[in-house]
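Single-structure report; data block below.
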Ligand SMILES: Nc1nc2c(ncn2[C@@H]2O[C@H](COP(=O)(O)OP(=O)(O)OP(=O)(O)O)[C@@H](O)[C@H]2O)c(=O)[nH]1
Ligand SMILES: [Mg+2]
């Protein structure tokens, strides 16, 4: 069972709830490799009254067609969705236009009174999806701390993006009951769950099986192995790479780390695991 809901997330959830009444709009950050798995069921009722922009981030690592399907699915009257790669300069800028559109009424109300208002935006999402990186991209500077592991941001941080926009960075949050273990595994593959609490070998076996079912050739072309179950793939990767222990036994722990790392870095191709027709 994969389960991760440390104390700092309980605190973060409380902070998020308290600050929701102060904000006009939500930027909800999803990882393009598993957008559906990044949707926290606990947020739905909390954010129902607010306009939402789904930022489908790390898009350069995902599958274009599947991302386009998610953008279409997530876009409604009060909600918009945009694909971006926040590590690329200015890639997050379309968010500013969407904020202006979705908060147009408030901006107009104040403008008609001759007052300039500041829109307040909360950035939400599971850990490691790129929330802080998106804020830095919008500001054009490193105002928030980012890092390639889950749980980098620990407290709230208001950041002024420009004269009319302030954004609140929040710690990545999961939910107490990760009862759907397929979702839990996908969150683990993308680095939203602390690696220290995961069984790397088990995780790599299930990733190999998911990849085999989705695009078996991505494993064959990178590692020159073919297999039908996860354990055989990991063993094959270890042998193909020469990861051997004394006595010639395959170093499956090392092969497991290599597979997960390659997936996270996009070395297995552009992959989006969640598919609209399968998830909804
Ligand atoms: N490849 C890729 N990496 C990205 C992108 N955006 C962010 N990252 C990387 O993803 C990692 C996590 O980014 P953060 O901005 O710290 O993520 P966060 O959502 O704030 O994470 P927490 O604060 O832990 O919840 C960092 O290593 C970023 O450089 C992107 O568009 N593409
Ligand atoms: Mg952060």
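Residue numbers (my numbering): 47 to 326.
Just so you know, even glycine gets a beta-carbon here, dropped at the ideal spot from N, CA and C.
This one's a predicted model, so the numbers in the text were calculated from it and none came from an experiment.
Burial check for residue 258: the Cβ neighbour count within 10 Å reaches 16 or more, so the residue is buried. Residue 166 has 212 as its beta-bridge partners, per DSSP.
Here residue 160 is exposed: its Cβ has fewer than 16 other Cβ atoms, across all protein chains shown, within 10 Å.
Counting along the chain, residue 273 sits inside no beta strand (DSSP E), nor does DSSP assign it H or E at all. For a cut-off of 8 Å, the C-beta gap from residue 101 to residue 141 is around 6 Å, short enough to register as a contact.
Non-local beta-carbon contacts of residue 63 in its own chain, meaning distances under 8 Å to residues more than five positions away in sequence, involve 92 in chain order. In this structure, residue 219 has its CB at a distance of at least 7 Å from all heavy atoms of ligand 2.
Where residue 99 is concerned, the enclosing beta strand (DSSP E) starts and stops at 98-103. In the three-state scheme derived from DSSP, where H, G and I count as helix and E and B as strand, residue 232 is classed as helix. Taking all protein chains in view, the Cβ of residue 298 is crowded by 16 or more other Cβ atoms within 10 Å, so the residue is classified as buried. Taken through DSSP and simplified to helix, strand or coil, residue 296 comes out as strand. Here the C-alpha atom of residue 99 lies approximately 18 Å from the C-alpha atom of residue 208. Residue 226 carries a coil assignment under DSSP once its states are collapsed to helix, strand and coil.
Residue 138 and residue 180 do touch by the CB rule: their CB atoms are close to 5 Å apart, below 8 Å. Using a Cβ-Cβ distance cut-off of 8 Å, the region 301-314 and the region 272-291 are in contact, since at least three pairs of beta carbons, one from each stretch, lie closer than that value.
One alpha carbon belongs to residue 270, the other to residue 313, and they sit about 14 Å apart.
Per DSSP, the unbroken beta strand (DSSP E) holding residue 73 starts and ends at 71-77. DSSP lists 102 as the bridge partner or partners of residue 129.
In the structure shown, residue 246 adopts helical secondary structure according to DSSP, grouped into three states. Selection 256, 260, 158 and 221 evaluated against residue 50 yields 221 as nearest (Cα-Cα). Placement of the Cβ of residue 252 at a distance of 7 Å or more from every heavy atom of ligand 2 is found.
Within the DSSP bridge table, the entry for residue 171 names 75 as partners.
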